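Just add 4 to the spot in the sequence shown (first one is 1) and you have our numbering. The block underneath contains the structure these notes are about, expressed in structure tokens.
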Amino acid sequence: MTAISLASQAYGGINEALGNHVKYSNKHGMVAAYSPALAVAVAPLAFPAAREAPGVALVASILGLHFFKRLLESLLLHRYSGRMALESATAISLSYLARTAFIVYTQYLTMGTAPPPVDLKPTGVALFAVGICGNLAATRSPGGGGGGLFGLVTCPHYLFEIMVFAGIACASQTVYSFCVMASTAFYLMGRSWATRKWYLSEEGQGPRTYVF
Numbered sequence: 005m006t007a008i009s010l011a012s013q014a015y016g017g018i019n020e021a022l023g024n025h026v027k028y029s030n031k032h033g034m035v036a037a038y039s040p041a042l043a044v045a046v047a048p049l050a051f052p053a054a055r056e057a058p059g060v061a062l063v064a065s066i067l068g069l070h071f072f073k074r075l076l077e078s079l080l081l082h083r084y085s086g087r088m089a090l091e092s093a094t095a096i097s098l099s100y101l102a103r104t105a106f107i108v109y110t111q112y113l114t115m116g117t118a119p120p121p122v123d124l125k126p127t128g129v130a131l132f133a134v135g136i137c138g139n140l141a142a143t144r145s146p147g148g149g150g151g152g153l154f155g156l157v158t159c160p161h162y163l164f165e166i167m168v169f170a171g172i173a174c175a176s177q178t179v180y181s182f183c184v185m186a187s188t189a190f191y192l193m194g195r196s197w198a199t200r201k202w203y204l205s206e207e208g209q210g211p212r213t214y215v216f
């Protein structure tokens with residue numbers, strides 16, 4: 005499952021960079037995509053046996069917080085245009101659902117094993133907090149990216165999203181969670197590259213960035 009997740013996300017990132025985009029622009033579609041993952045993330049908190057596994061409560065809580073924030077943003081903040089195809093909504097929903105379930109499940113499997121020699125949970129919580137609080141909604145100027153961190157990165161919101169999953173990986177400290185972080189980074193770098201090309205084609209120039 006780890007190899008499949010890494011390969012599929014990397015493939016998705018390459019497709020995005022080449023211009024083969026997944027259509028995301030629909031409020032109902034994104035709500036449908038995030039809701040199952042949110043339910044799966046918080047479900048272990050209802051079972052004492054799951055909560056007793058090392059780190060399950062922490063990982064489930066931060067995953068739940070992440071998808072709850074994404075759900076609220078879809079309902080109250082983002083303005084969508086166009087429609088989302090049913091197959092796109094289904095694929096995105098299943099992807100989030102599977103990754104969330106396997107992150108929690110692999111964390112549960114650590115019960116009875118020796119803890120990692122280095123505890124990265126504080127680092128994970130710090131990275132997650134920075135990523136989840138990164139909100140650039142009011143710092144982007146019309147047209148090409150500008151303001152905020154746009155002078156350094158093409159898509160700051162993707163950078164913060166990668167930080168969120170880096171935080172989850174450090175809090176979890178399982179091979180699968182680190183592969184999810186890496187695959188998410190590959191995918192979002194592909195989308196960022198495609199966005200930069202769009203800036204260059206539409207505006208004549210893009211943000212002067214030093215990072216993807």
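Positions of the beta carbon are idealized from the N, C-alpha and C atoms, including for glycine. It should be emphasised that the depicted structure is a prediction, and the values quoted were computed from it without experimental measurement.
Cβ-based neighbour list, residue i, same chain, cut-off 8 angstroms, excluding 5 preceding and 5 following
i, result
"L79", "K31 and V35"
"E20", "Residue confidence for E20 is low, a pLDDT of 48 falling below 50, so the modelled location carries little weight and cannot support an answer."
"I166", "G135, M185, T188, A189 and L192"
"T104", "A41, V44, A45, L67 and F71"
"A133", "G171"
"A130", "G171"
From the options, residue whose alpha carbon lies closest to that of residue i
i, options, result
"G116", "K201, G59 and S181", "G59"
"G68", "V44, E56 and S181", "V44"
"R74", "I166, I136 and V184", "I136"
"A53", "M193, L113 and C159", "L113"
"D123", "Q177, E56, K201 and T188", "Q177"
"H161", "A173, G138 and G171", "G138"
Per-residue burial, residue i [other beta carbons within 10 Å of its own, 16 or more giving buried]
i, result
"P146", "Reliability fails at P146, whose pLDDT of 49 lies under 50, so the model's placement of it is uncertain and the value that follows must be treated cautiously. Label assigned to P146: exposed."
"A50", "exposed"
"L98", "exposed"
Proximity of residue i and residue j at Cβ, strictly below 8 angstroms
i, j, result
"F164", "M185", "no"
"L62", "A175", "yes"
"S181", "I66", "no"
"I172", "G128", "yes"
"Q111", "A37", "no"
Same chain only: Cβ atoms within 6 angstroms of residue i, ignoring 5 sequence neighbours per side
i, result
"S39", "none"
"K125", "A175"
"P48", "A54, V60, A64 and V108"
"P119", "none"
Spatial neighbours of residue i in its chain, beta-carbon cut-off 7 angstroms, leaving aside the 5 residues before and after
i, result
"L218", "This structure does not reach residue 218, given that the chain is present from 5 up to 216, and the question cannot be answered."
Limits of the alpha helix (DSSP H) - the one that residue i falls within
i, result
"L42", "K31 to V46"
"A54", "P52 to E56"
"C159", "Looking at the DSSP string, C159 is not in any alpha helix (DSSP H), and its letter there is neither H nor E."
"T127", "K125 to C137"
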